[in-house]
Amino acid sequence: MSGPITVTDEANSLSHVHSAPDNAPRKSYTLATITFIYLLWSLVPVAIAVLFSFNSGRSRSVWQGFSLRWYIWDPEGSVLHNESLRSAVVHTLVLGVITTAIVVPLGVLFALALDRWRGRVPSGASFAVLLSFVVPEIALAIGLLFMITWLATPFELGTTAQVIGLITFQLSYPVVIVRARLLTIGTHYEEAARDLGASPLGAVRRVLLPMLYPAIFVSAILVFADVLDNFVLVRYLSANAASETTSMKIYNTARAAPTPALNAIATLILLASFAVVILGYLAYRKWGRGQGEEGTGLGSMAAM
Amino acid sequence: MSEEQQPIRPVSRRRLLQASALAIPTAGVLAACARGSGGGSGGGGASESASATSLQLASPTNPVKWPIAADNQPIASGLEPEQGATLQIYNYADYLNPEVVTAFEKKYEKYGVKVAVSTFNDYSEALAKIRTGTTPFDVYFPSYDAIGKLVTASLIRPLQHSYITNIGNVFPSFQNPWYDLEWQYTVPYVLYTTGMGWRADKIAEDVGARPNPYDIFWDPKYREKIAVLDDYREVIGMSLLRNGGTDVNTGDEAQLNAARDAMLLMNQTTKPKVTITGYTDIPEGRTDLSLVWSGDMIAAVQYLPEGTKADILRYWFPPSGKGLVNNDLIVALKGGNNPVLSHLFINFMLDTEIATKNMAFVGYQPPQVALTPEALVAAGLIPENLKPAVVLPSYFDVGYRQLELSPELEAKYQAIWQQFKAGG
Amino acid sequence: MRRSRLLWPVLGMPAIAWMAVFFLIPLYVVLCVAFGKVDPVFRSAIPVWNPLEWSFTQLAIVVDRLVGPDNFYLPPVLRTIAYVVIAVAACLLIAFPVAWFTARHAGSHKALVLTLLVAPFWISYMMRMLAWVNLLQNDGWVNKVISLNGLLPTEQAWLSGRPTTVILGLIYGYVPYMILPLFAALDRISPSLLEAARDLGAGGFDVFRRVILPMSIPGVAAGMLLVCLPMMGDYFTNDLLSGSPGTSMIGNLINNSITTPGQSGQAAALLLIVLVVLSVPMIWYTRSTARSEVRS
């Protein structure tokens, strides 16, 4: 990423070893060890869970040999043959796609409006979006559940309600990320386009939007991955077996009698998430090159 | 550009007040489009009358023949099943054999029938969801302690008996049960007792030999090793019995308080888990002993780790029969879209062969005349060491049954449960 | 010019309408349930839409259970605060060195370390908990390691209502949310500033105390908030890793009551109290984010 900068950074601290009273490299060994242990602690349990999805036996703690039994072969319990497991995976991905497809355009337009439109309405709306990011999810979930239960809304519990809840909860991602990018872009390009005779909408569409593609992309990936992860909203707003997601399946069966097939569906969702992130990263690098804004995505994610 | 970059204004109190003033007219709009508080699919009128009438409560000494409302008549006889429909079943997890579901789909293959099973964790949650009427479930498996509410709110359909020819297979007493005289709305699903299940290699003592076997839940020796059912009636009922009570539906303040105190003491001394997964936790060794339903222990045989023999499983229920004895029902929900298929499914479940097949998976015993205790053991459905888990018809004469409670009493029971679950 | 002024409201309207309908109204409905009535037969909640007719019965019950003589809501509340304080402190202790290392000392491995730090974001929370449920079984790998694969007779029942397990679960689940904002804040500190401090004679600890620490405050605050807020509403970590009333948290209290007949209103009222208490940090965070966005 920001390789060259870090190298000089390191060189600087090395050159100061003699003059500085403390011993920087020694300290960084301790820190490196802590970081290494942290990363092990953070990722190895998940790696073990993935490993056990390939167990040939029923156990999730005793390794009985490698097999794709819980993915393909088991006639009752495998993801391929067990309708409820399969539908949980499919439904999770469907929610991810639908939500992303709606929330990203909605959020991008909103970010544009918030960035340029001054007044009470937009600043209030901006406040609401940021608030929606920190309000405990359970509050929004219960509110929506109550609303759909007691108001004669045309929406029903199930996929529709889940998508509505997820859109509301995820809207802040594209808004925050795209706004951050808009602030760095400024208004010059757009003004230039206007001077050359473009209409306001044309300037946005032809000039501003292409410059926003990387940010839009990053937010789409974030939203997608976060929807796959969602549990609280989708559980409260679910209706029946058809609207059960992988997270719910894990919650409902982790304490009962799970087989490694449960690890298998979790692994599949993990793969889907990683695939999208890697694809996104590759595309992002392609776009990001020449714009000198590689840090934006991570930076704004970190800032949130 | 910098001129345009005004800081976003902080929200002042005045603006918050303005916002809340806006909320008042909004309230009117919201009220206008409020759903009827009753269930059903959008019918608000019936629920008004439901709230007005008080709840009728059935008991063995007060058998009830439920009314059939003019707008909720049984379906006509001889109708064709719905074409290409998906029968929506709402049930506990692992409480219906998937093979039975497949067999049903196969039997009605030419109508393109599909079955979807949705699951819930406890009856309160299930009833709340059914009442919202937002999901059209067809078939539901309630306990009879909710039947008054289900009928009063018009949530279930009266059955058209002409579809349910297999009713003759069940114990005669269930063909005219006190909770639904003339089985107008329900058929019986399974029978169960509530007792204790454990693995003999984990618990050395003979639990039944204790002067008061229920005391084991308060024995500090088993701290962090035991569990109780995630069901408010079962745990409160067990605590009442442990305290020497004989009425598990009591409204007596002193007895209820004593039961509550006992439950809180249990939290302190043994820290039980609260779960309905004893049927896997015990065989797999996660819990040493648990308050379970008899069917759980029979199902537990399938969950034993490879290489562990079934003869280490134990179940205790008072041999006198003076314990908790209940049965679950199958009903057709009024909100469902497939009334004919619902009837066909109910009839299917009462078929002796299907009921037996279902028991092989769920462990719960159907009230089939053909399935005598001897037949159950002979057929290998119940291993010898789990014979106490067989539900004898005589239990229904001497055992204690959980009846539907009045709303006020129900609130008291729920509050005790909430206090217990808060872990004070 | 007029068209331009109209353009932004037109672009923003769909999202504003969306937030009004699906964010503000649901929160208002929570109010209507909390201040509503209870159906006498089914004991289900009956929301009251008109604020002038709101009843405070449910709220009074909740307040009574919090601070009245029968205060059985208090133990889970205190427990939640204790768990969250310990977990947030532990998250900070873990996250600070990790973020500092990544920002300052990772060198050419920076991109790799950062990628690995972000990885938990792409792994679902439930899967991460499932991983621990498997490891913490009685015959799981944790016990195998502790007992040196059966040599020592220590069989720990980790999943039997242990506060330690729940707190560790919370730390494990939320610590990534602490690391990233901290990293962002620490990464921003210019190396030349630290050099300057050293050149002016500050020792290692002085640099940390007088330069790094003050400059990392915004990141620390944001990180603490981002892990603290979701923990306050968390019920599933406890459900999966304990399942015993002995470790019930506020989230469990709300989640258990929300569908119980007669208790929806109390759940809503409790949620409301939690929201009011949390609104202070939430609004602070929202405002400071809004400001820093404008400033950057």
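Line by line, the protein sequences give chains A, B and C. In terms of the working numbering, the first sequence opens at residue 98 and continues consecutively. In terms of the working numbering, the second sequence opens at residue -19 and continues consecutively. In terms of the working numbering, the third sequence opens at residue 1208 and continues consecutively. Yeah, the Cβ is synthetic: ideal placement off N, Cα and C, and Gly gets one too.
Helix, strand or coil at residue i according to DSSP, with G and I counted as helix
| i | result |
| --- | --- |
| B/Pro122 | coil |
| B/Gln63 | coil |
| B/Arg240 | helix |
| B/Ala100 | Here residue 100 of chain B is Phe; the residue named in the question, Ala, does not match the sequence. Here B/Phe100 sits in strand by DSSP. |
| B/Thr332 | helix |
| A/Arg155 | coil |
| B/Thr405 | The question about residue 405 of chain B has no answer, for chain B in this structure spans -19 to 404. |
| B/Ser270 | strand |
| C/Ser1367 | coil |
| B/Phe151 | coil |
| C/Asn1462 | helix |
| A/Trp160 | coil |
| B/Gly25 | Unreliable placement is indicated for B/Gly25, whose pLDDT of 35 sits below 50; the coordinate value is still reported in the next sentence. DSSP places B/Gly25 in helix when its eight states are reduced to three. |
| C/Ala1297 | helix |
| B/Arg232 | Reading the sequence as shown, one finds Asp at residue 232 of chain B and not Arg. Coil at B/Asp232, not helix or strand. |
| C/Trp1215 | helix |
| B/Asp276 | helix |
| C/Ile1330 | coil |
| A/Ser340 | helix |
| B/Gln348 | strand |
| A/Ile261 | helix |
| B/Asn365 | helix |
7 Å Cβ shell around residue i - same chain, five flanking residues per side excluded
| i | result |
| --- | --- |
| C/Val1414 | Leu1401, Ala1404 and Arg1405 |
| B/Phe325 | Leu67, Phe84 and Val119 |
| B/Glu162 | Lys45 and Asn156 |
| A/Trp160 | Asn152 |
| C/Thr1444 | Met1336, Val1373, Gly1376, Leu1377 and Gly1380 |
| A/Ala258 | Leu241, Ile245, Phe252 and Leu334 |
C-beta atoms of residue i and residue j nearer than 9 Å
| i | j | result |
| --- | --- | --- |
| B/Leu409 | B/Val281 | Residue 409 of chain B falls outside the range modelled here, since chain B spans only -19 to 404, and no answer is possible. |
| C/Trp1365 | C/Gly1347 | yes |
| B/Gly315 | C/Thr1454 | no |
| A/Leu325 | A/Ser269 | no |
| B/Gly217 | B/Phe297 | no |
| B/Pro363 | B/Asp291 | yes |
| A/Thr322 | C/Phe1328 | The sequence given here places Ala at residue 322 of chain A; Thr does not occur at that position. Taking 9 Å as the Cβ cut-off, A/Ala322 and C/Phe1328 qualify as a contacting pair. |
| A/Ala222 | A/Leu237 | no |
| A/His188 | A/Ser296 | no |
| C/Gly1219 | A/Pro233 | no |
| B/Tyr283 | A/Ala351 | no |
| C/Ser1367 | B/Lys205 | yes |
| B/Gly220 | B/Val228 | For the sequence presented, residue 220 of chain B should be read as Leu rather than Gly. Closer than 9 Å, so yes. |
| C/Val1320 | A/Leu136 | yes |
Sequence-distant residues of its chain with Cβ nearer than 8 Å to residue i (five each side left out)
| i | result |
| --- | --- |
| B/Asp377 | Gly301 |
| C/Gln1351 | The residue asked about is misnamed: residue 1351 of chain C is Lys in this sequence, not Gln. For C/Lys1351, where only same-chain residues beyond five positions count, the Cβ hits under 8 Å are Gly1357. |
| C/Ser1451 | Ser1367 and Gly1368 |
Beta-carbon contacts of residue i that lie in its chain and below 6 Å, excluding the five residues immediately before and after
| i | result |
| --- | --- |
| C/Ile1506 | With chain C running from 1208 to 1503 in the structure shown, residue 1506 of chain C is simply not present. |
| C/Ala1475 | Val1237, Val1240 and Ala1241 |
| B/Ser21 | Model confidence at B/Ser21 stands at a pLDDT of 35, short of 50, so the residue's coordinates are unreliable and nothing is read from them. |
| A/Ile199 | Ile264 |
| C/Arg1335 | none |
| B/Tyr202 | Thr250 |
| B/Leu304 | Thr174, Gly217 and Tyr380 |
Query raised in the report: Counting pairs of beta carbons, one from the region 131 to 147 of chain B and one from the region 245 to 258 of chain B, are three or more of them closer than 8 Å?
Result: no
Query raised in the report: the region 246 to 259 of chain A: which residues have C-beta closer than 9 Å to a C-beta of chain B, in chain order?
Result: Of all residues in the region 246 to 259 of chain A, only Thr246, Trp247, Leu248, Ala249, Thr250, Phe252, Glu253, Leu254, Gly255 and Ala258 place a beta-carbon less than 9 Å from a beta-carbon of chain B.
Requested in this report: Count the CB pairs spanning the region 199 to 206 of chain A and the region 271 to 290 of chain A that are closer than 8 Å, and state whether there are at least three.
Outcome: yes
Query raised in the report: Which residues, in chain order, does the region 1319 to 1346 of chain C contribute to contact with chain A at a C-beta distance below 8 Å?
Result: Answer in chain order: Val1320, Leu1321, Leu1323, Leu1324, Val1325, Ala1326, Pro1327, Phe1328, Trp1329, Ile1330, Ser1331, Tyr1332, Met1333, Met1334, Arg1335, Met1336, Leu1337, Ala1338, Trp1339, Val1340, Asn1341, Leu1342, Gln1344 and Asp1346.
Query raised in the report: For the region 163 to 182 of chain A against the region 356 to 372 of chain A, are there 3 or more C-beta pairs whose distance is under 8 Å?
Result: The region 163 to 182 of chain A makes contact with the region 356 to 372 of chain A, as at least three CB pairs between them are under 8 Å.
Query - the region 1413 to 1433 of chain C touching the region 1340 to 1354 of chain C, judged by at least three CB pairs closer than 8 Å - result: No, the region 1413 to 1433 of chain C is not in contact with the region 1340 to 1354 of chain C.
Report task. Mind checking the region 56 to 76 of chain B against chain A and listing, in chain order, the residues whose C-beta falls within less than 8 Å of any C-beta there? Result -> Here the close residues are Gln68, Tyr70, Ala73 and Asp74.
Report task. Could you tell me whether the region 209 to 227 of chain B touches the region 390 to 398 of chain B, using the rule of 3 or more Cβ pairs below 8 Å? Result -> yes
Report task. Mind checking the region 222 to 243 of chain A against chain C and listing, in chain order, the residues whose C-beta falls within less than 7 Å of any C-beta there? Result -> Ala222, Ser223, Phe224, Ala225, Val226, Leu227, Leu228, Ser229, Val231, Val232, Pro233, Glu234, Ile235, Ala236, Leu237, Ile239, Gly240, Leu241 and Phe243
Requested in this report: Closer than 7 Å, Cβ to Cβ, to anything on chain C: give me those residues from the region 367 to 397 of chain B, in chain order.
Outcome: Pro387, Glu390, Ala391 and Gln394
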